[in-house]
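Take the sequence shown: its letter number 154 is residue 153 in numbering that gives the first Met the number 0, and every next letter is one higher.
Shown next, in structure tokens, is the structure this report addresses.
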Amino acid sequence: MRNTFLHLFLMLGTGLWQPLPGQIRMGEWRTHLPYSYCTLAEAAGNKIYASTTGGFFSYNLEDNSVEKLSKVDGLSDNGVIAMRWNEEEGTFIIAYKNANMDIIREGEIVNIPDIMKKQIPGDKSINDIYFLDRLAYISTGFGIVLLNLERNEIKETYFIGDNGEAVGVNQVTSDGTYLYAATDKGIRRGLLADPFLFDFHAWETITDIPGYEGTFSGVAYYQGALFASWKDPAETQDRVYYTTGGAWNTYPYFTGTRCRQIMDQGAVLTLVDNHEVHVISEGLLVVRKLYTGSPRSASVDGSGTLWVADYGGGLVTNQGGSRWSIVPNGPYSSSVYDMASAGNILYAVQGGITGSWNNMFHLAVLETFREGQWDFDTTLLYRDLVTLSVDPSDPAHVFAGSWGYGLLEYREG
0 MRNTFLHLFL
10 MLGTGLWQPL
20 PGQIRMGEWR
30 THLPYSYCTL
40 AEAAGNKIYA
50 STTGGFFSYN
60 LEDNSVEKLS
70 KVDGLSDNGV
80 IAMRWNEEEG
90 TFIIAYKNAN
100 MDIIREGEIV
110 NIPDIMKKQI
120 PGDKSINDIY
130 FLDRLAYIST
140 GFGIVLLNLE
150 RNEIKETYFI
160 GDNGEAVGVN
170 QVTSDGTYLY
180 AATDKGIRRG
190 LLADPFLFDF
200 HAWETITDIP
210 GYEGTFSGVA
220 YYQGALFASW
230 KDPAETQDRV
240 YYTTGGAWNT
250 YPYFTGTRCR
260 QIMDQGAVLT
270 LVDNHEVHVI
280 SEGLLVVRKL
290 YTGSPRSASV
300 DGSGTLWVAD
310 YGGGLVTNQG
320 GSRWSIVPNG
330 PYSSSVYDMA
340 SAGNILYAVQ
350 GGITGSWNNM
360 FHLAVLETFR
370 EGQWDFDTTL
380 LYRDLVTLSV
390 DPSDPAHVFA
400 GSWGYGLLEY
410 REG
């Protein structure tokens, strides 16, 4: 299924009627999505793409413009869960939470819904994308799916679990001889030249790595070294190991407690922990760090600039030598429990209650949309705002009712 990749910002033609700033035309739709809780960052040509818990946007390196992107703009779905850019092919692949995928090439979108529609039990989520020899290796909750980039179609599927069972694959890499897979049941490998990799017998588990039967969240090959991140089931202390062909060693420069991502960026390797990003270069040494508070993913553009998806800080970069962030204007959260409007002001709250009428303990946040811009007021003392009422004589005077925390009054000024 083919579509056209539309741009969010369009030049308005001349006419008898023009919408005021912040307004949209009659019959048109506009999305209002949060952008501060960033989970993925990917450099793709002259743009940096960022996925958040509720939205998706790009930053243009040439003119510094920001585009908010969604189904309204031609994408096949919302909720980007994985994405990867292939410089040689000029191809950008986006995977969504529901396992749908888009291939974007030269402004054209080709939808690949095969995994989403695949009739298999269990987890169909897409975890990562790896390019090799005009193929995209899609790491999924059940195995590895090969996508032919020339034909834009699924080539085959590898079920590499015990006895051919499904196993969660979190990331794939290759050293040119073997294909390595970080799975929920250890690191597995198969000979890249083996034409029968679809047969689980062609795969073996690497047993000389510590915790070899456990979950490995990532694997990457860089400058003759194979890196693997072991996920602590107690979520206390993850481990990063590496080997250059001999015994496995603990990577000494991993200083965090959680390993969020490990990725070969070409010229460098990036290692993302729960507080900062480590840039690894020659000699497998850390040559640069960027602290962001809560990083989730990192990417490096063609000039060597680091871009970080931070959960709470948006898209963070060290471009120009100092740290700064990009957060498009949007609501505080994708969760909305109640809304109210008065005049040209829209109010929203993100509280909630459980099915058994108990608190969900969502932070008390009053979101305000006025003249095309979102703003919010918050307090740490209260939780779960569930209803709104605006003073009919004063649109800037609003009451918010909470679940178990009383009535809150807000007045501008």
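Virtual Cβ for every residue (Gly too), placed ideally from N, Cα, C.
Keep in mind that this is a model prediction, so the values were computed, not measured.
For residue j and residue i, the rounded distance between their alpha carbons
i: Gly413; j: Ile119; result: Summary: the structure shown does not reach residue 413, with the chain confined to residues 0 through 412, and so no result is reported for it.
i: Pro20; j: Gln372; result: Confidence is the limiting factor: at Pro20 the pLDDT is only 45, short of 50, which leaves the residue's position unreliable and the question unanswerable from this model.
i: Val285; j: Ile279; result: 4 Å
i: Ala224; j: Glu408; result: 59 Å
i: Gly14; j: Tyr336; result: Note that Gly14 has pLDDT 34, beneath the 50 cutoff, so the model's placement of it is unreliable and the number below is only indicative. Distance between the alpha carbons of Gly14 and Tyr336 is about 39 Å.
i: Thr386; j: Ala43; result: 43 Å
i: Gln349; j: Asn357; result: 15 Å
i: Ser293; j: Ser392; result: 43 Å
i: Arg382; j: Thr235; result: 28 Å
i: Ala135; j: Thr249; result: 30 Å
i: Ser75; j: Asp161; result: 34 Å
i: Ile325; j: Ala297; result: 14 Å
i: Met100; j: Gly405; result: 45 Å
i: Met338; j: Leu190; result: 57 Å
i: Phe253; j: Asn343; result: 51 Å
i: Gly320; j: Asn151; result: 40 Å
i: Ser133; j: Phe158; result: A quick correction: the sequence has Arg, not Ser, at residue 133. Going from the Cα of Arg133 to the Cα of Phe158 covers about 21 Å.
i: Ala40; j: Tyr48; result: 6 Å
i: Ser173; j: Arg410; result: 59 Å
i: Gly121; j: Asp183; result: 14 Å
i: Gly351; j: Ala233; result: 29 Å
i: Gly73; j: Pro112; result: 15 Å
i: Leu289; j: His274; result: 9 Å
i: Arg369; j: Trp402; result: 26 Å
i: Tyr36; j: Leu314; result: 9 Å
Close beta carbons around residue i, own chain, < 6 Å, minus the five adjacent residues each side
i: Pro330; result: His31, Pro33, Glu366, Trp373
i: Lys96; result: Gly78, Ile80
i: Ser302; result: none
i: Ile261; result: Gly217, Ala219, Phe226, Ser228, Leu270
i: Gly210; result: Trp229
Where the alpha helix (DSSP H) containing residue i begins and where it ends
i: Lys116; result: 113-116
Spatial neighbours of residue i in its chain, beta-carbon cut-off 8 Å, leaving aside the 5 residues before and after
i: Lys123; result: Ala98, Ile114, Met115, Lys117, Thr139, Gly140, Phe141
i: Thr353; result: Met359
i: Asp193; result: Ala201
i: Arg421; result: Within the shown structure, residues of the chain are numbered from 0 to 412, placing residue 421 beyond reach of any answer.
Beta strand (DSSP E) segment containing residue i, residue limits
i: Ile262; result: Per the sequence shown, the amino acid found at residue 262 is Met instead of Ile. That run of the beta strand (DSSP E) goes 258-263.
i: Met100; result: 100-104
i: Gly185; result: 185-190
i: Phe141; result: Note, Phe141: premise wrong, no beta strand (DSSP E); not H, not E.
i: Gly400; result: 396-401
i: Trp84; result: 79-85
i: Tyr346; result: 344-348
i: Ala246; result: Careful: Ala246 lies outside any beta strand (DSSP E) and carries neither H nor E.
For residue i, the three-state DSSP class (helix, strand or coil)
i: Glu408; result: strand
i: His200; result: helix
i: Pro20; result: Because Pro20 carries a pLDDT of 45, less than 50, the predicted location of this residue cannot be relied on, and no value is offered for it.
i: Glu370; result: coil
i: Gln170; result: strand
i: Gly313; result: strand
i: Asp161; result: helix
i: Leu283; result: helix
i: Lys96; result: coil
i: Asp193; result: coil
i: Asp127; result: strand
i: Asp132; result: coil
i: Val71; result: helix
i: Ser392; result: coil
i: Gly223; result: coil
i: Gly319; result: helix
i: Leu387; result: strand
i: Phe56; result: strand
Own chain residues within Cβ distance below 7 Å of residue i, not counting five before or after
i: Gly163; result: Phe199
i: Val144; result: Ile114, Ile137, Ile153, Thr156
i: Trp16; result: Legend: pLDDT at Trp16 = 31, less than 50; position of this residue unreliable, no value from coordinates given.
i: Val71; result: Trp28, Thr30
i: Ser333; result: Leu32, Pro33, Thr52, Gly53
i: Ile208; result: Ile186, Ala227, Tyr240, Trp247
i: Asn45; result: Asn59, Leu60, Glu61
i: Val267; result: Val278, Ile279, Ser280, Val299
i: Gln318; result: Thr304
i: Trp323; result: Thr316
i: Thr90; result: Ile102, Arg104, Leu148
Distance cut-off 7 Å: residue i Cβ against heavy atoms of the ligand SAM
i: Gly255; result: For the structure depicted, the ligand SAM is absent and the ligand set is empty, with no information on it obtainable.
Rounded distance between the beta-carbons of residue j and residue i, thought under 8 Å
i: Asn169; j: Asp127; result: 7 Å
i: Thr291; j: Asp309; result: 4 Å
i: Glu203; j: Arg188; result: 6 Å
Chain D within 8 Å of residue i, Cβ atoms only
i: Leu268; result: This model lacks chain D altogether, as it is built from one protein chain only.
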